[in-house]
Amino acid sequence: MKELKQKLSQVPKSPGVYFFHDIEGNIIYIGKAKILRNRVRSYFTKPESKDAKTQVLVKQIANFEWMVVRSEVEALLTEANLIKEHKPRYNVFLKDDKTFPYIRITNEPYPRVEIIRQKNLSKDDHNYFGPFTDAGYLREILRVLHKIFPLRTCTYFIDENTIKEGKIKVCLDYHIKRCEGPCEGLVSEENYSKMILQIIQFLKGRNKDIQQHLMQEMEKASTDLQFEDAAHYRDQLHAVTQFMKKQKKISQDFMDRDVITVSSENRLGIGLVMRIRNGHMMGREKFILKLHDAEADTKKIEQFLLQYYASTMDYPKEVLLEIPPADTLNIETWLSKSGKKKVKLLVPQKGEKRKLVEISKRNADLLLGELKLKQAKRKELLNKPVLQLQEVLGMEVPPRRIEAFDNSNIHGSNPVAGMVCFVDGKPKKSEYRKFHIKSVIGIDDFASMREVVHRRYSRQLKEKNPLPDLILIDGGKGQLSAAKSALDALGLGYLSVIGLAKRLEEVFKPGMKAAQNISKTSAGLHLLRAIRDEVHRFAISFHRSTREKEMTKSIFSGIKGMGAKRTQKLWKSFKSIEEMKSADIQGIRDKTGFPLNLCEKILAEVKEG
Numbered sequence: 001m002k003e004l005k006q007k008l009s010q011v012p013k014s015p016g017v018y019f020f021h022d023i024e025g026n027i028i029y030i031g032k033a034k035i036l037r038n039r040v041r042s043y044f045t046k047p048e049s050k051d052a053k054t055q056v057l058v059k060q061i062a063n064f065e066w067m068v069v070r071s072e073v074e075a076l077l078t079e080a081n082l083i084k085e086h087k088p089r090y091n092v093f094l095k096d097d098k099t100f101p102y103i104r105i106t107n108e109p110y111p112r113v114e115i116i117r118q119k120n121l122s123k124d125d126h127n128y129f130g131p132f133t134d135a136g137y138l139r140e141i142l143r144v145l146h147k148i149f150p151l152r153t154c155t156y157f158i159d160e161n162t163i164k165e166g167k168i169k170v171c172l173d174y175h176i177k178r179c180e181g182p183c184e185g186l187v188s189e190e191n192y193s194k195m196i197l198q199i200i201q202f203l204k205g206r207n208k209d210i211q212q213h214l215m216q217e218m219e220k221a222s223t224d225l226q227f228e229d230a231a232h233y234r235d236q237l238h239a240v241t242q243f244m245k246k247q248k249k250i251s252q253d254f255m256d257r258d259v260i261t262v263s264s265e266n267r268l269g270i271g272l273v274m275r276i277r278n279g280h281m282m283g284r285e286k287f288i289l290k291l292h293d294a295e296a297d298t299k300k301i302e303q304f305l306l307q308y309y310a311s312t313m314d315y316p317k318e319v320l321l322e323i324p325p326a327d328t329l330n331i332e333t334w335l336s337k338s339g340k341k342k343v344k345l346l347v348p349q350k351g352e353k354r355k356l357v358e359i360s361k362r363n364a365d366l367l368l369g370e371l372k373l374k375q376a377k378r379k380e381l382l383n384k385p386v387l388q389l390q391e392v393l394g395m396e397v398p399p400r401r402i403e404a405f406d407n408s409n410i411h412g413s414n415p416v417a418g419m420v421c422f423v424d425g426k427p428k429k430s431e432y433r434k435f436h437i438k439s440v441i442g443i444d445d446f447a448s449m450r451e452v453v454h455r456r457y458s459r460q461l462k463e464k465n466p467l468p469d470l471i472l473i474d475g476g477k478g479q480l481s482a483a484k485s486a487l488d489a490l491g492l493g494y495l496s497v498i499g500l501a502k503r504l505e506e507v508f509k510p511g512m513k514a515a516q517n518i519s520k521t522s523a524g525l526h527l528l529r530a531i532r533d534e535v536h537r538f539a540i541s542f543h544r545s546t547r548e549k550e551m552t553k554s555i556f557s558g559i560k561g562m563g564a565k566r567t568q569k570l571w572k573s574f575k576s577i578e579e580m581k582s583a584d585i586q587g588i589r590d591k592t593g594f595p596l597n598l599c600e601k602i603l604a605e606v607k608e609g
């Protein structure tokens, strides 16, 4: 702490972003400041007077850094982007790691309207609408769009040169009047662009203009006795009308606005965005938030606002909120600059706007309740086999972390072992480990098991890594005893360890002659089988790859000019040594392209072997 306080004098009096690191170098908090020195210094001045969250945070700080920027608004946006990238433990961030879908209208002579999935939306010359979290609503929009407008669905780039060269021919969509044939120049670029402008208006909720346009076209076609075209416009008009009926009109002033609320409990939150365009509800998007327990409500709403609007290009004129964010003025400035129009953040106290906020808040509360219920059910489902194992094995705590071991060798050659790790009944593949047996000569499964168990847990103790609640040995009493002796030697005799014999699916515990009496239909036994099968698969696959490398190395390592790439190519060209033996020098050259003298050496080597 003394070194950190000395470092405070180096922090500049400029706007910027600061980073707090823990003892392992991980970023645990990112913040912004108008004056960096004052803000960073405040954390270390009388920390005992701070709230509980800040006190816990300060205790974790082992180092800090900063980044100077040009303005408060730039600091605001930089903070949001860095939180999204690093996901620090003590910050609010959108928990969803998935990519959300957007509607994109491409910047081409004949634009395409398509759905894309993207994590970080970059500003370019295309038009974007979204993100959408309701996939059903998004599909409905696209279905209606294609029903109303004769949009092309192909992915070709079409311009004047493409049309002149006749590279693309009209497809079935043209013949069934779902496309006007831009690929052959059957619709002008000007008319196609007019249609795209109508689509943009449609996506912005300006449906009445489209209704009037279709009505005029229908009447004109009818007057010109083009009854087939009139019927087509009638069907399009019907599709627009039906879609508009589903969009409830909830505002009388036709203003474009978003209603944003956050509902949270402990470390879980829901951010809800109700998008109102032209007075109509255009969509309701929900986002799961990762929170810190004591995070202030103003900070929650600020971080959600920043991270949401950093991932969209659809900016309203008003954003209605339940409470103001921590930095209202700078957020308004940033939104107005990004949206190229004046954007206001409002906290309505009464009237229609207040009712909209209350509706949004009720929806957010309900969605949070649903999410908590789903998580509780998922946790209960996941823990059932684990809790059963605790009961049938007589353990003091549930075996949430289970590590399993298995040996693999063929006639003592290339002995290896594998270890898998399951946490809460699910495999954690980042914790899987492979072992080459080093101290055992010949076939000795017991000594091999003793070696790998000793190596694994001596390292865990040395590096202060977590120890398992239960160790599963793939084997009977002999392998189990070997593992137990290794644990005792390390002073870990208190760890629970069992053996699962293959033949009768019997579970053995140290010091007990008879197998444990576990029902064959027990969820706990099914979990043990799944873990045993996984570690067996893992060890076998490791042994197979080791054996293949050894075989390849022993045959070709002595041939000059046979490196790893050529060896790999040779094995791709021939399935076995026998196939190589049956070939002649020219045959090897034809398949591999190697020089004749090298092919001669390869053939001599495999025939001698």
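Mapping of the sequence shown onto the numbering used here: position 49 corresponds to residue 49, and the numbering continues sequentially without gaps. From the three backbone atoms N, C-alpha and C, an ideal C-beta is built for every residue, glycine too.
Output the distance between the C-alpha atoms of residue i and residue j, rounded to the nearest integer angstrom.
i, j, result
"K169", "K177", "15 Å"
"D97", "G25", "Unreliable placement is indicated for D97, whose pLDDT of 47 sits below 50; no coordinate value is reported for it."
"Q103", "K560", "Reading off the sequence shown, one finds Ile at residue 103, where the question assumed Gln. Roughly 58 Å between the two C-alpha positions."
"F64", "R456", "35 Å"
"S42", "I35", "11 Å"
"P595", "K601", "10 Å"
"R277", "D209", "14 Å"
"L225", "M215", "15 Å"
"F129", "T153", "18 Å"
"L197", "T162", "23 Å"
"L367", "Q516", "45 Å"
"L393", "K462", "29 Å"
"G493", "Y308", "52 Å"
"E611", "V273", "Because the chain is modelled from 1 through 609, residue 611 falls outside the range shown and cannot be assessed."
"S222", "A230", "6 Å"
"K164", "Y233", "31 Å"
"N207", "Q201", "7 Å"
Let me know the secondary structure DSSP gives residue i once reduced to three states.
i, result
"P12", "coil"
"M313", "coil"
"H526", "helix"
"K290", "strand"
"M281", "strand"
"Q307", "helix"
"M218", "helix"
"Y128", "strand"
"K601", "helix"
"C183", "helix"
"A514", "coil"
"G269", "strand"
"T298", "helix"
"E608", "helix"
"D97", "Low confidence applies here, because D97 scores a pLDDT of 47, under 50, leaving its location unreliable and the question unanswered by this model."
Looking at the unbroken alpha helix (DSSP H) that takes in residue i, where does it start and where does it end?
i, result
"K337", "328 to 339"
"V40", "36 to 44"
"Y192", "189 to 203"
"M580", "577 to 581"
Is it the case that the Cβ atoms of residue i and residue j are separated by a distance below 7 Å?
i, j, result
"K32", "A62", "no"
"L356", "V319", "no"
"V69", "P12", "no"
"E403", "P468", "yes"
"L480", "S458", "no"
"R117", "I28", "no"
"S448", "I441", "no"
"R450", "A501", "no"
"V17", "E72", "no"
"F93", "K290", "yes"
"K598", "I585", "Strictly speaking, residue 598 in this sequence is Leu, with Lys absent from that position. No."
"N407", "D445", "yes"
"S193", "T261", "no"
"A539", "G418", "yes"
"V497", "K484", "yes"
"N91", "I30", "yes"
"Y432", "V416", "no"
Could you give the first and the last residue of the continuous beta strand (DSSP E) run that contains residue i?
i, result
"V170", "Per DSSP, V170 belongs to no beta strand (DSSP E) and is neither H nor E."
"V319", "318 to 321"
Following a CB-centred definition, is residue i positioned closer than 6 Å to any heavy atom of the ligand MG?
i, result
"R37", "For the structure depicted, the ligand MG is absent and the ligand set is empty, with no information on it obtainable."
Would the stretch 357 to 373 and the stretch 383 to 391 be scored as touching if the rule is three or more Cβ pairs under 8 Å? no
Please confirm if the stretch 144 to 151 is in contact with the stretch 328 to 337, defined as three or more CB-CB distances below 8 Å between the two stretches. no
Please confirm if the stretch 566 to 573 is in contact with the stretch 519 to 535, defined as three or more CB-CB distances below 8 Å between the two stretches. no
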